[in-house]
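Residue numbers (our numbering): 1 to 205.
Note that the Cβ used here is the ideal one computed from N, Cα and C, for glycine as well.
Since this is a predicted model, take the numbers as computed values, not measurements.
Scroll down for the structure; my scribbles are underneath it.
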């Protein structure tokens, strides 16, 4: 069965919910059943639902960390396979951040108007498609383009994840839970570094 937090979230995000009611004179009065947002979070309690959100958002944060740092870790070991010089290495490292710069503005604006959950899913999808395409392309410029597309997705998911996650946290636990979510970035760093270390061991270069 859905938790009280999930039920309240669905209710407040439905088209029928309105914190204002209209009296017979046509004036808007405050709905007597409405409560401040912070009080609503407190009344719904804290439990399993919040930890599920932490796990899912943390998974996305870890994947973003791996995506941002993977090329930086990979280039020293893969230079001979890619046959690229210093300038090309610099572009590969920078292009994902250029994509993040553009994607952060684009996705952030959409999230404020279309809702954070749907935009988060779309930005993660763009990131995933960019990663999938970059794993099969055969030329440097195609790989660079795929990295740029991936950066656009990452630029949307990182800020939207933290905003979306914070909306569920009551004031008493907000700082602690945001810090817990941020630790998943370090987990992604460790995974990326460990994987690249393994590739260096088996590399013929």
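Three-state class that DSSP yields for residue i in the structure shown
{"i": "residue 47", "result": "coil"}
{"i": "residue 153", "result": "helix"}
{"i": "residue 171", "result": "coil"}
{"i": "residue 133", "result": "helix"}
{"i": "residue 84", "result": "coil"}
{"i": "residue 114", "result": "helix"}
{"i": "residue 125", "result": "helix"}
{"i": "residue 34", "result": "coil"}
{"i": "residue 139", "result": "coil"}
Buried versus exposed, by CB contacts within 10 Å (16 or more), residue i
{"i": "residue 73", "result": "buried"}
{"i": "residue 105", "result": "exposed"}
{"i": "residue 116", "result": "buried"}
{"i": "residue 177", "result": "buried"}
{"i": "residue 142", "result": "exposed"}
{"i": "residue 138", "result": "exposed"}
{"i": "residue 44", "result": "buried"}
{"i": "residue 181", "result": "buried"}
{"i": "residue 113", "result": "exposed"}
{"i": "residue 58", "result": "buried"}
{"i": "residue 23", "result": "Only weak support is given to the placement of residue 23: the predicted model assigns it a pLDDT of 47, under 50, and the value that follows is read from those uncertain coordinates. By the neighbour-count rule (16 or more Cβ atoms within 10 Å), residue 23 is not buried but exposed."}
{"i": "residue 101", "result": "exposed"}
Supposed close pair residue i, residue j - CB separation, criterion 8 Å
{"i": "residue 192", "j": "residue 55", "result": "20 Å between Cβ atoms; not a contact."}
{"i": "residue 147", "j": "residue 71", "result": "7 Å"}
{"i": "residue 127", "j": "residue 67", "result": "6 Å"}
{"i": "residue 96", "j": "residue 154", "result": "7 Å"}
{"i": "residue 150", "j": "residue 108", "result": "In fact, because the Cβ distance is near 17 Å, the residues do not count as touching under 8 Å."}
{"i": "residue 123", "j": "residue 157", "result": "4 Å"}
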